[in-house]
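Input: a single structure, listed below in structure tokens.
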């Protein structure tokens, strides 16, 4: 953004079940072919993090129950607001930057 911060969206938290698949490509391929109803579901969680130019975390925003927005795939600051998007939601989120702790707005 104009203050040098980098905003990163995290669609979901890490999942131990998925982590165990990574060293086994054949198993990942098998799970990917399963019907969606049998695949591990992402946790309903919203997460966006602001980093400074050195990669240090400035602040993080969490929707721990995924009540407002979950599976956030984009986060963009513009005109005093932070906008959140997702490939899986039917809406976007908007939060005034001045309401975000740790930014000094």
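Residue numbers (the numbering used here): 1 to 105.
Note that CB positions come from ideal geometry on N, CA and C, so glycine has one too.
Predicted, not measured: the structure shown is a model, and the values here were computed from it.
For the 8 Å CB-CB criterion, residue 61 and residue 77 do not form a contact. Selection 5, 41, 83 and 103 evaluated against residue 16 yields 41 as nearest (Cα-Cα).
Inter-segment contact for the segment 55-75 and the segment 30-41 is absent: fewer than three beta-carbon pairs are separated by less than 8 Å. For residue 25, the enclosing alpha helix (DSSP H) has its first and last residue at 25-32.
For residue 9, the pairing in a beta bridge is given by DSSP as 48. Residue 47 sits buried, since 16 or more C-beta atoms from the chains shown fall within 10 Å of its C-beta.
Judged by DSSP secondary structure, residue 58 falls within the beta strand (DSSP E) whose first and last residues are 57-63. Following the DSSP letters along the chain, one finds residue 21 inside the alpha helix (DSSP H) bounded by residues 16-21.
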